[in-house]
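Inspection log for the structure reproduced underneath, given as structure tokens.
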Amino acid sequence: MDHFETIVVGAGVAGLTAARLLAKAGRHVVVLEARDRVGGRVWTDRSDGLITDLGASWIHGVTDDPVSQSAEAFGMRTVEFSVGGYQPDSRPIAYYGPDGKRLTDAAAQQFADDIRAVDATLSKAIAASDTDASYRDVTETALAAQSWGPDRVARVREFLEHRTEEQYGAWIEDLAAHGLDDDSVDGDEVVFPDGYDRLPARLAAGLDVRLEHVVSHVQWSAEGVAVTTDRGTLTAGSVVVTVPIGVLQSDDFVIEPPLPEPLMGALGRLEMNAFEKVFLRFPSTFWDDDVYAIRQQGPESRWWHSWYDLTPLHGTPTLLTFAAGPAAQDTRNWDDERVVESILAQLRRLYDDRVERPTAVHRTAWQDDPFARGSYAFMTVGSTTADHDDLATPVGGVLHLAGEATWTDDPATVPAALYSGHRAASNILQRDIPIDQVWAHD
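In this note's numbering, the protein residues as written are 130 to 571.
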């Protein structure tokens, strides 16, 4: 039976960060990964000769961001693309009203101003909300304070619903009132034209990473841990478990003894979302020039409301849209053709017969991925922001949880995963580790 000082379960950014720091400190570490690749929910597809990030895409604000600093140290090219935070403006956005006609610049500016007015009131409503309040509850409080007419309220309400879904892949009534507290962007947002997967590939360099090792059981005690895989059992003095909470909550992954409080309570109040990407590549661009995004308002926007122009990244006419929350759940079993027709029906409302059929479609299915069971975690009603950090409480001096769901300040992001891996390594070594050791060259 192989024995190590530390076993890391999962070769995503959290697990690779922890393993990299522990290995640099001289620890005997192994990383067990169920997939046939590293990266976890950072996954770049190159099967058609193009770069398509099926998982994480953006850095949501490069200022003082560890992923941005890692990318720079690893020589990863970035391109500014600041629409990932679902801003109402700040970059060119083409808005279309319920009638399918493009809003004038003045009307679009008024709409953006309305969003900001509600957001200013919303922060106070959230601060005063009860623990069992939903994001719908606090947004309705903020809308009621505006004294607007019904149409104006309806447009902003739609925006708040769409923002909730695009940011957390959850319906507005299922998300806790504090669920978007971290919804802020510091500095430009950027994407990676050469693929986000270059980050985990660099983090994994030199590590003992064992692919296609599916972990089913983690047994811990004061003496250490035993980790059972489909290829045998390994033992260690400590373990860092970085699997998504959807896997943690499943019967296919057993921790024994069960997680104690406060971890078990926190885990029960978080949930994996439904959030899928749909990339559509076209023969030519038929949409608005010089805009980052296209958004439509009104009842027709219930599912397909936002499209992002990725053409500048590679020169291939490409729109990205999201099936998020109920749309992702309801279209989960649709074939690609049915999804495409549903999307094109909305684009035709805006661009008539200029709309062409796509030459290629890439569609994600994170809900059906047994090693993810969703895209990322969100706070259900009754959850508090402390649940994220509580989930990372070390257990028995030997068991450590890490991953995007275990970091309070900016959960559901790659920086959160990196920070959580850094924290786990620091806890195991029982000393502070400079964060720049993650990307420092050996």
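Cβ coordinates follow ideal geometry from the N, Cα and C atoms, glycine included. Quick caveat: nothing in here was measured; it's all calculated off a predicted structure.
{"query": "Determine, using beta carbons only, whether Arg-166 and Leu-340 come nearer to each other than 8 angstroms.", "result": "yes"}
{"query": "Whole angstroms are fine: how far does the CA of Leu-183 sit from the CA of Ser-252?", "result": "33 angstroms"}
{"query": "Where does Asp-266 land, buried or exposed, given buried means 16+ other C-beta within 10 angstroms?", "result": "buried"}
{"query": "With burial defined as no fewer than 16 other Cβ atoms inside 10 Å of the residue's Cβ, what is the status of Pro-428: buried or exposed?", "result": "exposed"}
{"query": "When burial is assigned at 16 or more other CB atoms within 10 Å of the CB, is Val-208 buried or exposed?", "result": "exposed"}
{"query": "Give the DSSP bridge partners of Gln-425, in chain order.", "result": "Tyr-225"}
{"query": "Would Ala-496 and Ala-403 qualify as a contact pair, given that the criterion is a beta-carbon distance under 8 angstroms?", "result": "With the sequence shown as reference, residue 496 is identified as Gln, and Ala is not the correct amino acid for it. Closer than 8 angstroms, so yes."}
{"query": "State the start and end residues of the unbroken beta strand (DSSP E) segment that holds Tyr-325.", "result": "Unbroken run through Tyr-325: none, as it is neither H nor E."}
{"query": "Taking DSSP as the reference, what is the three-state secondary structure of Leu-150?", "result": "helix"}
{"query": "Quick check on the burial criterion: 16 or more other C-beta atoms within 10 angstroms. Buried or exposed for Thr-146?", "result": "buried"}
{"query": "For Gly-226, which residues in the same chain have their Cβ closer than 7 angstroms to its Cβ, ignoring the five residues on either side in sequence?", "result": "Leu-232, Gln-426, Gly-427"}
{"query": "Please report the residue range of the beta strand (DSSP E) in which Lys-406 lies.", "result": "404–410"}
{"query": "Go ahead and pull the three-state DSSP assignment for Thr-293.", "result": "helix"}
{"query": "According to DSSP, which residues form a beta bridge with Thr-450?", "result": "Val-407"}
{"query": "By alpha-carbon positions, which one of Gly-155, Thr-181, Asp-131 ends up nearest to Ala-572?", "result": "Nothing can be reported for residue 572, as the shown portion of the chain is limited to 130 through 571."}
{"query": "Short check: CB of Pro-322 to CB of Leu-151, under 8 angstroms?", "result": "no"}
{"query": "Should Leu-388 and Val-524 be called a contact, given that it needs their Cβ atoms to be closer than 8 angstroms?", "result": "yes"}
{"query": "What does a CB cutoff of less than 7 angstroms around Arg-461 pick up in its chain, not counting 5 residues either side in sequence?", "result": "Gln-496"}
{"query": "Could you tell me if Gly-155 is buried or exposed, where buried requires 16 or more neighbouring beta carbons within 10 angstroms of its beta carbon?", "result": "exposed"}
{"query": "Which term fits Ser-624, buried or exposed, when burial requires 16 or more other beta carbons within 10 angstroms of its beta carbon?", "result": "Since the first residue shown for the chain is 130 and the last is 571, residue 624 is missing from the structure and cannot be characterised."}
{"query": "Classify Asp-516: buried if its beta carbon has 16 or more other beta carbons within 10 angstroms, exposed otherwise.", "result": "buried"}
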